[in-house]
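Participant:
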Amino acid sequence: MKIFEKIANIDSRIIYLLLLLVVLIPLVFKLVLPINLSDPVKQAYQAIEQLPEGSVVMFSVDYDASSAPEIQPMLLATLRHAFSKKHKVVLLGQWALGLPFGEIGLNEVAPQFNARYGVDYVNLGYRPGYRAQMVGLGREIRDFYATDYKGTPLDQIPLMQGIHNYNDIDLLVGLEAGQAGEEWIQFAGARYGLNIIIGATGVIAPDMFHYMQARQIRGLIGGLQGAAEYETMINHLGTGVAGMVAQSWAHLLLLGFIIAGNVGYFVVRRRKQS
Amino acid sequence: MKKEIPLAITFITGLIIIVTFFIPHQPLGTMQQRLLIWYSIVLGFTMLLGMDSLLRSNLQRIARRSPGWPFALVLIIGFLGTLAAGIYTWATSESLLSLGSSFMYVYTYFIIPLQATMFSLLAFFIASAAYRAFRARTLEATLLLITAAVVMLGRVPIGAEISQWLPDSASWIMEVPQMAAKRGIFIGVALGTIAMSLRVILGLERTYLT
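As they're listed, the protein sequences go chains A and B.
Convert by adding 5 to the 1-based position in the first sequence; the result is the number in my numbering.
Convert by adding 206 to the 1-based position in the second sequence; the result is the number in my numbering.
#1: Give me, in chain order, the residues of the same chain whose beta-carbon lies closer than 7 Å to that of G167 (chain A); leave out the 5 immediate sequence neighbours on both sides.
#2: With a cut-off of 9 Å, does the C-beta of M237 (chain B) fall near any C-beta of chain A?
#3: Please name the residue, chosen from A:F88, A:D44, A:E10, A:P57, that lies closest to F64 (chain A) on a Cα-to-Cα basis.
#4: Go ahead and label W254 (chain A) buried or exposed: buried means 16 or more other beta carbons lie within 10 angstroms of its beta carbon, across all protein chains shown.
#5: Taking a cut of 8 Å between CB atoms, which residues from the stretch 103-119 of chain A lie near chain B?
#6: Skipping 5 residues on each side, what residues in its chain have a beta carbon closer than 6 Å to that of T237 (chain A)?
#7: I'd like to know if G284 (chain B) contacts chain A, where contact means its C-beta is closer than 9 Å to some C-beta of that chain.
#8: Identify whether L157 (chain A) lies in helix, strand or coil by the three-state DSSP scheme.
#9: Could you tell me the alpha carbon to alpha carbon distance between K91 (chain A) and M249 (chain A), rounded to whole angstroms?
#10: Short of 8 Å in beta carbon distance, which residues of its chain neighbour Q99 (chain A), apart from the five on each side in sequence? Order them along the chain.
#11: May I ask which residues mark the beginning and end of the alpha helix (DSSP H) holding F251 (chain B)?
#12: How close, in whole Å, do the beta carbons of L241 (chain B) and I222 (chain B) come, if the pair is a contact with beta carbons under 8 Å?
#13: Under 7 Å Cβ-Cβ, which residues of chain B neighbour R132 (chain A)?
#14: If we cut at 9 Å on Cβ distances, does A297 (chain B) have a partner in chain A?
#15: Applying a beta-carbon distance threshold of less than 9 Å, which residues of chain A neighbour R412 (chain B)?
#16: Closer than 9 Å, CB to CB, is K35 (chain A) near chain B or not?
#17: CB-CB under 7 Å to I379 (chain B), same chain, minus the five flanking residues each way: which ones, in chain order?
#18: In chain order, which beta strand (DSSP E) runs of at least 3 residues are fully inside the stretch 169-243 of chain A?
#19: Tell me which residues share the same chain as S43 (chain A) and place their Cβ nearer than 7 Å to its Cβ, disregarding the 5 neighbours each side in the sequence.
#20: Please state whether the Cβ-Cβ distance between A182 (chain A) and I76 (chain A) is less than 9 Å.
#21: Return helix, strand or coil for N128 (chain A), following the three-state DSSP convention.
#22: With 16 other CB atoms within 10 Å as the buried threshold, where does N264 (chain B) fall?
#23: Considering only the alpha carbon of each residue, which of A:G266, A:G141, A:L56, A:Q221 lies closest to P45 (chain A)?
#24: What separation, rounded to the nearest whole angstrom, lies between the Cα atoms of L164 (chain A) and S403 (chain B)?
#25: Going along chain A in order, which residues have a C-beta closer than 9 Å to the C-beta of S301 (chain B)?
#26: Are at least three pairs of beta-carbons, each pair with one atom in the stretch 271-290 of chain B and one in the stretch 79-88 of chain A, less than 8 Å apart?
#27: Is V178 (chain A) close to chain B, meaning its C-beta is less than 9 Å from at least one C-beta of that chain?
#28: What do you reckon, are the CB atoms on T244 (chain A) and P74 (chain A) nearer than 9 Å?
#29: For chain B, check one thing: does any of its Cβ atoms lie closer than 9 Å to the Cβ of M249 (chain A)?
#30: Within 9 Å (strictly less), CB to CB, does Y294 (chain B) reach chain A?
#31: Which value, in whole angstroms, describes the spacing of the CA atoms of G365 (chain B) and L349 (chain B)?
#32: When the distance is taken between beta carbons, is N128 (chain A) closer than 9 Å to L180 (chain A)?
#33: Assuming G98 (chain A) is part of the beta strand (DSSP E), what are its boundary residues?
#34: Identify the contact partners of S334 (chain B) in chain A, using a Cβ-Cβ distance below 8 Å as the criterion.
#35: What distance in whole Å lies between the Cβ atoms of A342 (chain B) and N267 (chain A), which are believed to be in contact at a cut-off of 8 Å?
#36: Excluding the 5 residues flanking W275 (chain B) on each side, which residues of the same chain have their C-beta closer than 7 Å to its C-beta?
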């Protein structure tokens with residue numbers, strides 16, 4: 006009887022400690038599990054893969070530190086893929102606090118592919134009022150981004166000389182921790198026909214499935230699992246794959262606690278009734 | 207006139223934006239673009255208002271020694287420190303985002319760890335709450351429990367190691383019942399948004415003026 010009462014009322018501190026251990030151990034020992042590839046991520050990969058060399062890919066960094074463990078691996082993986090295919094990268098951000106992650110990502114990946122700032126990639130920075138921007142960029146990017154993040158006028162940047170609106174952008178990679186992903190789809194995708202793939206947190210990804218099914222987005226990278234799948238496809242394993250092992254064990258532990266809690270609860274209740 | 211002028215501005219701008227969606231040609235297209243730029247500028251100024259409000263309320267809390275005033279002090283110090291780092295970086299570096307600059311130091315070693323810590327705590331609270339609250343007391347709760355278990359295992363690599371049935375079932379749950387429910391909710395939200403927008407444009411909804 007007592008053991009079941011204990012199972013039904015495990016101290017929170019024990020749960021916290023075990024959770025910490027199952028997350029920490031796989032990360033410290035760099036354990037790896039095989040990653041199952043899903044169709045939405047394969048389609049996102051194909052959207053970048055099938056673009057002709059030199060295509061312009063716009064990246065929108067719409068997240069901050071709270072979601073970075075999930076989305077930053079997506080940014081790094083998609084950037085690697087884009088640079089490896091010699092695509093041109095135009096990066097901007099709708100979250101002021103997230104934009105440094107875009108700069109960190111560019112500084113990490115671009116040198117590995119000898120990509121030059123202003124020629125192969127550019128960082129436009131952040132401007133307030135993303136809904137207005139998403140509509141307005143369809144007419145002229147310079148109306149909202151007169152300069153890049155360093156203050157250089159866009160017309161003085163070689164890469165931007167032929168890029169004026171969505172007609173000059175071949176694909177948008179929206180990396181989303183909030184509402185901005187849906188707005189990209191509604192304002193830039195539906196209105197201007199911009200090709201979009203979305204990378205979203207595990208919480209936001211379910212909201213994107215119907216856009217995927219309606220073919221309003223070309224691919225979906227959902228949560229850390231999606232990031233791990235993308236890393237597997239470009240054959241460059243990073244924190245996405247490492248994090249999925251930790252997440253696997255954390256989910257198993259959580260299910261174990263839920264099952265134990267239910268067993269304890271029902272045994273105690275039945276005994277009390279009888 | 208205090209109400210009529212804002213109502214007229216709302217009506218005219220709302221109408222231009224809607225009409226331009228269907229007729230993007232001149233002069234409507236240019237007018238819309240101008241309005242969108244104004245929106246962006248106005249939103250920039252709202253950030254200044256936000257800063258003013260944040261500083262004012264926290265300075266008042268410190269002056270009155272309200273409960274928890276040391277937290278307000280930490281906020282003010284953090285705000286001014288970040289502002290100083292930003293101004294220094296702006297004056298001395300190529301850009302605010304220059305790696306190795308004072309602003310990026312504050313961002314990397316204060317903002318990122320603080321935000322990440324706040325969010326990471328959720329994992330522990332969710333684990334504890336799920337253990338206590340997820341009880342199969344009713345048929346609905348049991349269905350929810352089974353569905354959650356399948357999705358939780360099916361969306362992580364270990365699920366496929368246990369059985370390929372788990373990721374397949376998780377995908378089916380996400381793509382069929384989940385999406386059906388979401389679509390219903392989204393259609394309802396969209397209809398509500400259209401109705402509310404029309405009420406605002408036509409001046410029937412005026413609470414935003416107060």
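By construction, the Cβ of each residue, glycine as well, lies at the ideal position given by its N, Cα and C atoms.
Facilitator: With the given structure in hand:
#1: D173
#2: no
#3: Answer by Cα proximity: A:F88.
#4: buried
#5: L104, P105, E108, I109, N112
#6: I40
#7: no
#8: A small fix is needed here, since residue 157 (chain A) is Thr in this sequence, not Leu. Of the three classes helix, strand and coil, the one that applies to T157 (chain A) here is coil, per DSSP.
#9: Cα-Cα distance, rounded: 29 Å.
#10: Cβ contact annotation for Q99 (chain A) (same chain, cutoff 8 Å, sequence separation greater than five): S65, V66, D67, Y131, Y135, Q138, A185, in chain order.
#11: 234-269
#12: 6 Å
#13: Neighbours of R132 (chain A) in chain B, taken as residues at a C-beta separation under 7 Å, are given in chain order as S246.
#14: Any Cβ of chain A closer than 9 Å to the Cβ of A297 (chain B) would place that residue at the interface, and such an atom is absent.
#15: What R412 (chain B) touches in chain A: nothing, since even the nearest Cβ is about 22 Å away.
#16: Closer than 9 Å: no.
#17: Once the five neighbours on either side are set aside, the close Cβ partners of I379 (chain B) are T353, V356, V357.
#18: 176-181, 201-205, 224-227
#19: Contacts found: E234.
#20: yes
#21: strand
#22: buried
#23: A:Q221
#24: 40 Å
#25: Within 9 Å of the CB of S301 (chain B), the CB atoms of chain A belong to E108, N128, G130, D153, Y154, K155, G156, in sequence order along the chain.
#26: With contact defined as three or more Cβ pairs closer than 8 Å, the stretch 271-290 of chain B and the stretch 79-88 of chain A are not in contact.
#27: no
#28: yes
#29: yes
#30: With 9 Å as the cut-off, Y294 (chain B) does not count as an interface residue toward chain A.
#31: 19 Å
#32: Taking 9 Å as the cut-off, the Cβ atoms of L180 (chain A) and N128 (chain A) do not count as close.
#33: Element bounds for G98 (chain A): 93-98.
#34: S17, I20, Y21
#35: 6 Å
#36: R267, I268
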